[in-house]
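Beneath this line is the structure, given in structure tokens, with notes to follow.
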């Protein structure tokens, strides 16, 4: 695949239109389909507005912005994908919907067309099973907003051919993205490893140890995170974030490490989805007061360390189970969710004995399996090794 390869995008929502913009910016002809005609027209208007804004700010010249827009065509059905060499779907995160889409698009495209899914947590093997040529199906998980976020997780399924893996990674690298390769397990790298950032923060809140504003302050002040966990959940959307947690929890056979939170579930049930609904963990309505953190440095550092050791433990376990390489795990967390440091590098800087000691104290206090240390973490600490030694 190269710049002459026609690209198809299924789904004209935020992710689909963002991916279309990325591909068109690299020079590809892009066909976009959505079964909802209003979604197609809305996406077209949104893309042209974004390109116009980029031209106004001087990030693109007007001729380039116009050319990018003209390379994106919205088609009324999947027949418009007949000449595509690479098709990526970005539809609702439901396996039945995705398998139906793949079965249909496969009947339209050529035998050598690569079929990619932007799923964030569903099985690539299960999606590819809907196709007669499952070896050409692969995961290509972009992060929102796709034009701005650098990371793409490349996820081969059980039947994906090596040639498709290499071709897809090369294509998306050419789009200016940073790619990492992940095993086809629930959550891949980022959505698996990041679960404690939300889950342990919610646990601290539910226990009454600290409030929302204080937990967010602690993670930013002492950890260097750009956003606190509650700010980020509100930004992502509590419905989206909760659904990913629920999916990962079920996919790992209800491992308590990934257990969803009642506090977040109640917000979703109430329609307090975050910024997009005007209320979430914070109140975004006009004139609403913004809560102030209780700035106690000792408490703030304890909050950071409790969440950090859980994140490190999850990263170590991802390496133990060969979800991805050491470097790709750290790269994914810095490029995919803007963590200030790679977690395995952070583990070395903190000291593996210190990480294990804190996990051990949490396990002793709560007696819950969610705090069990990764076998790799224990093994390396026992041998006096570090991840980057």
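Numbering (this note's numbering), first residue to last: 1 to 389. Quick reminder that beta carbons are idealized off the backbone N, C-alpha and C, glycines included.
Q | residue 283 - DSSP class collapsed to helix/strand/coil | A | strand
Q.
If the criterion is Cβ atoms closer than 7 angstroms, does the pair residue 155 and residue 188 meet it?
A. yes
(Q) If you measure between the beta carbons of residue 147 and residue 18, is that distance less than 7 angstroms? (A) yes
Q) For the alpha helix (DSSP H) that contains residue 350, what are its first and last residues? A) 343 to 350
Q) For residue 265, which residues from the same chain have a beta carbon less than 7 angstroms from its beta carbon, with the 5 sequence-adjacent residues on both sides left out? A) 242
Q | residue 70 - partner residues in DSSP beta bridges | A | Answer by DSSP bridge pairing: none, since residue 70 is not bridged.
Q) If you drop the 5 nearest sequence neighbours on each side, which residues of the same chain put their C-beta closer than 7 angstroms to that of residue 213? A) 291, 292 and 293
**Q.** Alpha-carbon spacing of residue 225 relative to residue 308, whole angstroms
**A.** 11 angstroms
Q: Assuming residue 21 and residue 50 form a contact by the criterion Cβ under 8 angstroms, report the distance between their Cβ atoms to the nearest whole angstrom.
A: 7 angstroms
Q | Status (buried if at least 16 other CB within 10 Å, exposed otherwise) for residue 260 | A | buried
Q. What is the residue span of the beta strand (DSSP E) that residue 153 lies within?
A. 151 to 156
Q. How big is the Cα-Cα spacing for residue 110 and residue 72?
A. 20 angstroms
Q) Does the beta-carbon distance from residue 6 to residue 82 come in below 7 angstroms? A) no
(Q) Using the three-state DSSP reduction, which class does residue 337 fall into: helix, strand or coil? (A) coil
Q. Which class does residue 205 belong to by DSSP, given the choice of helix, strand or coil?
A. helix
Q) In its own chain, which residues sit with a C-beta less than 6 angstroms from the C-beta of residue 315, not counting the 5 before and 5 after it? A) 193, 329, 343 and 344
Q) Taking just the CA atoms, how far does residue 381 sit from residue 353? A) 6 angstroms
Q. Out of curiosity, what's the CA-to-CA distance linking residue 3 and residue 113?
A. 15 angstroms
Q: Count the other C-beta atoms from every protein chain shown that fall within 10 angstroms of the C-beta of residue 166, then say buried if there are 16 or more, exposed otherwise.
A: exposed
**Q.** Whole-angstrom distance between residue 245 and residue 195, CA atom to CA atom
**A.** 7 angstroms
Q. With 16 as the cutoff for other CB atoms within 10 Å, does residue 254 come out buried or exposed?
A. exposed
Q) From what residue to what residue does the alpha helix (DSSP H) around residue 181 run? A) Taken as a continuous stretch (DSSP letters only), residue 181 belongs to no alpha helix (DSSP H), being part of the beta strand (DSSP E) at 178 to 181.
Q: Excluding the 5 residues preceding and the 5 following residue 123 in the sequence, name in chain order all residues of the same chain whose CB lies nearer than 7 angstroms to its CB.
A: 184
Q: Could you check what DSSP says for residue 377 in three-state terms: helix, strand or coil?
A: helix
Q. Residues in its own chain within less than 8 angstroms of residue 235 by CB, not counting five upstream and five downstream?
A. 227, 274 and 275
Q. How would you label residue 385, buried or exposed, when you count the other beta carbons within 10 angstroms and need 16 or more for buried?
A. exposed
Q: Answer yes if the stretch 9 to 17 comes into contact with the stretch 90 to 101, meaning at least three C-beta pairs across the two stretches below 8 angstroms, and no otherwise.
A: yes
Q) Going by alpha carbons, who is nearest to residue 96 out of 369, 126 and 209? A) 126
Q: Use the C-beta contact count for residue 319: other C-beta atoms within 10 angstroms, 16 or more gives buried, fewer gives exposed.
A: buried
Q | residue 39 versus residue 288 - alpha carbon distance | A | 32 angstroms
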